[in-house]
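Heads up, the sequence shown is in my numbering, so the first residue is 1217 and it goes up one at a time.
Backbone N, C-alpha and C fix where the C-beta goes; we use that ideal spot for every residue, glycine too.
Keep in mind the model is a prediction, meaning the values are calculated, not measured.
Below: the structure, in structure tokens.
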Amino acid sequence: MLIQRHADGATLALGDVPEPELGHGQVRIAVRAVSVNYVDRFVPQGGYGKPPADGVPWVAGLDAAGEVTEVGDGVTGVRVGDRVMAMVPSSLAEQVVADARFTVPIPPEWSHEEGAAAIVALLTECSALSAADGLSAGESVVITGATSGMGLQGVQLARHLGAGRIIAVARSDRADDVLHRLGADLVLHSPGRGFAKHVLDATGGTGADVAVDHVGGSYFPDLVAAAAINGRIVNVGRAAGAEATADLEAFSLKQLTLRGVTFRTRTPAELTGLYQQVRNLDLTKLRPVIERVVPWQQTEEAQGLLSTGAVVGKVVIRVAVED
Ligand SMILES: NC(=O)c1ccc[n+]([C@@H]2O[C@H](COP(=O)([O-])OP(=O)(O)OC[C@H]3O[C@@H](n4cnc5c(N)ncnc54)[C@H](OP(=O)(O)O)[C@@H]3O)[C@@H](O)[C@H]2O)c1
């Protein structure tokens, strides 16, 4: 599925590109499913990462789940026939090659669609909690943008790792039932500001030990106001803006830590560590929420669904060559 840039933005169209070459340490994956991620919604505006060199076809997709069909030199621990999930660019294709270290076995209980839905969110939320120096049992957690694919997984992961009170912050109530089922104790609905007071109330006035922020912008002052002493705030996403103000007086008085996370500047060693964290999880307890599975001919519609503000869970594209 190729991204074709033009003056007004970009469109998607099926096309043929050469098979990717298998390098040292890599595996070839026959792709069965790919999920839609936040960044995909910017394809129509042409805003999708770094533009490729002129004339180079650019295959969409950021993650994949499928079967290993070939292993390169130096690969250990992954075999032909294994079902794996990976965060890998240009994955919306019949096949993709990935560094074997950056793959995770799909649990036998899961479908390929669940693998595709889960992998980026698991890596992202693990990376956020690592940046917060982990989560000690009983610590309270605030998760903004809780309706997002990342947020839903974040709530589930925090519950799985033994968090105390989990407070989800969302713009609407459409995912409340799911958020409670995944482990949220409280869902706050906020158009942007003013949720700090409710977090303080919900934590007996102490504030949240950890904030996993998928929204940024106008939410940030509330995260500072809602934080406990020695609280850790981790910015994951900036859907509401990359600029924010903060009360530095409160920041210092509470001895807060602010961290940001991204995959774009990670070293291979850091990525290897993150993938290992995900492999170490009991994934049977972290099944992703899927809103819909669509065939890959409907990729554009699938990507558009995320912008409607109506989905609860991941939208997954099924890649089936015979379609
Ligand atoms: N740092 C990393 O490594 C990393 C990795 C993956 C993703 N991310 C980021 O994490 C975020 C979530 O990604 P995703 O793929 O899970 O996204 P998604 O499923 O498309 O969800 C987007 C979320 O952003 C919320 N949102 C959008 N605009 C907003 C605004 N102006 N104010 C408040 N909330 C707003 C949406 O709320 P509604 O449901 O109310 O529309 C929804 O919860 C994105 O910002 C993405 O860039 C970061």
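query: Please confirm whether any heavy atom of ligand 1 lies closer than 7 Å to the CB of residue 1338.; result: no
query: If contact is defined by three or more beta carbon pairs under 8 Å, each pair taking one atom from either stretch, is the segment 1307–1314 in contact with the segment 1342–1354?; result: no
query: I need the DSSP call for residue 1471, collapsed to helix, strand or coil.; result: coil
query: Work out the CA separation of residue 1535 and residue 1232 for me, nearest whole Å.; result: 15 Å
query: Could you spell out where the beta strand (DSSP E) holding residue 1303 opens and where it closes?; result: 1299–1303
query: Would you tell me roughly how many angstroms separate the C-alpha atoms of residue 1323 and residue 1464, rounded to the nearest one?; result: 45 Å
query: Kindly indicate which three-state DSSP category residue 1231 falls into: helix, strand or coil?; result: coil
query: Using a threshold of 8 Å, state whether the C-beta atoms of residue 1402 and residue 1383 are closer than that.; result: yes
query: Which complete beta strand (DSSP E) runs does the segment 1500–1529 hold, if anything under 3 residues is left out?; result: 1506–1511
query: Under the three-state reduction of DSSP, which class applies to residue 1319: helix, strand or coil?; result: coil
query: Give the DSSP bridge partners of residue 1282, in chain order.; result: 1247 and 1300
query: Using only alpha-carbon positions, find the residue among 1253, 1240 and 1393 that is nearest to residue 1290.; result: 1240
query: Going by beta-carbon coordinates alone, are residue 1453 and residue 1361 separated by less than 8 Å?; result: yes
query: Is residue 1371 helix, strand or coil when you go by DSSP?; result: helix
query: Can you tell me the Cβ-Cβ gap for residue 1427 and residue 1450, rounded? I've got them flagged as a contact below 8 Å.; result: 7 Å
query: What do you get for residue 1431, buried or exposed, if any count of 16 or more other CB atoms within 10 angstroms of its CB means buried?; result: buried
query: Would you check whether ligand 1 has a heavy atom nearer than 7 Å to the C-beta of residue 1495?; result: no
query: Is there contact between the segment 1325–1332 and the segment 1491–1498, where contact requires at least three CB pairs shorter than 8 Å?; result: no
query: Is residue 1555 near ligand 1, judged by its Cβ being under 7 Å from some heavy atom?; result: Outside the displayed range of the chain (1217 to 1539) lies residue 1555, so it cannot be described from this structure.
query: Secondary structure at residue 1394, three-state DSSP: helix, strand or coil?; result: helix
query: Here's a check: name, in chain order, each residue in its chain whose Cβ is nearer than 8 Å to the Cβ of residue 1502, leaving out the five neighbours to either side.; result: 1334, 1338, 1369, 1372, 1373 and 1376
query: Please classify residue 1299: is it buried, with 16 or more other beta-carbons within 10 angstroms of its beta-carbon, or exposed?; result: buried
query: In terms of residues, what are the limits of the beta strand (DSSP E) holding residue 1218?; result: 1218–1222
query: Could you give the distance in angstroms between the alpha-carbon of residue 1422 and the alpha-carbon of residue 1358?; result: 13 Å
query: One question on the structure: do residue 1282 and residue 1217 come within less than 8 Å of each other, judged by their Cβ atoms?; result: no
query: Would the segment 1521–1537 and the segment 1222–1231 be scored as touching if the rule is three or more Cβ pairs under 8 Å?; result: no
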